Amino acid sequence: NNVETKPYGGYPQFWDWKILKMLEQSNPGQNVWNVRKTSNKAIHGVYEGVTIFEAPAKIGLNQQAVGYVPTDEEWRFPNFGEDTAHGREFTQSREGTFGGDNGCKSVLPEHKIWFFYLQRICNHCTYPGCLAACPRKAIYKRQEDGIVLIDQNR
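According to UniProt numbering, the stretch in the sequence shown is residues 1 to 154, in order.
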């Protein structure tokens with residue numbers, strides 16, 4: 001699996017934005033979060049738009065889910081821009097910059113600016129190499145939507 005820092009755009013580049021754009025084209029102006037409908041299970045509201053599984057029928061596509069095949073350029077930079085840390089210590093003080101006032105600053109002591117690397121499940125591989133390489137056969141690709149999953153019992 002590819003490792004990404006979160007929050008950021010993802011890999012292949014901008015795949016999430018493209019899917020959201022496709023959803024908007026299938027249901028213009030109707031894909032909204034209703035923040036007035038909150039509960040213990042939906043603390044941020046309820047999504048009242050179409051899902052990637054409902055959109056193809058709405059726009060007449062003969063497929064299970066809305067998606068696209070990324071270009072070679074979108075696969076080039078798996079961690080593009082992800083290691084740019086931000087935080088109060090980084091933005092408040094501009095003293096001690098090196099190389100002029102380019103905004104880059106070395107901050108000591110360490111750990112005042114940080115982020116975690118989070119592994120994500122690959123959910124858009126056409127031919128997942130991990131599936132073929134797994135010696136325990138714990139990785140499988142769900143036929144309905146093509147999401148690659150790990151069977152925790154194997």
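Glycine is no exception: its CB is placed at the ideal position from the N, C-alpha and C atoms.
Just so we're clear, the structure is a prediction, and the values are computed from it rather than from any experiment.
Status (buried if at least 16 other CB within 10 Å, exposed otherwise) for residue i
i           : result
proline 135 : exposed
proline 28  : exposed
residue 158 : Since the first and last residues shown for the chain are 1 and 154, residue 158 lies out of range.
Separation of residue j from residue i, as counted between CA atoms
i             : j             : result
aspartate 151 : alanine 138   : 5 Å
serine 26     : glycine 60    : 9 Å
tryptophan 15 : threonine 71  : 10 Å
glycine 146   : alanine 133   : 18 Å
lysine 58     : valine 35     : 25 Å
valine 69     : tryptophan 33 : 28 Å
glutamine 30  : asparagine 62 : 22 Å
For residue j and residue i, believed in contact at Cβ under 8 Å, the rounded distance
i                : j          : result
leucine 23       : alanine 55 : 6 Å
phenylalanine 53 : alanine 65 : 5 Å
valine 50        : lysine 37  : Contact doesn't hold; Cβ gap of about 17 Å is too wide.
Contacts around residue i, its chain only, beta-carbon distance under 6 Å, and the 5 residues preceding and following it disregarded
i             : result
tryptophan 75 : Pro12
cysteine 130  : Ile139
From the options, residue whose alpha carbon lies closest to that of residue i
i             : options                : result
tryptophan 17 : Asn62, Gly67 and Asn40 : Gly67
Beta carbon proximity, residue i to chain D, threshold 7 Å
i          : result
proline 28 : As a matter of chain content, chain D is missing from the structure shown, which is built from one protein chain.
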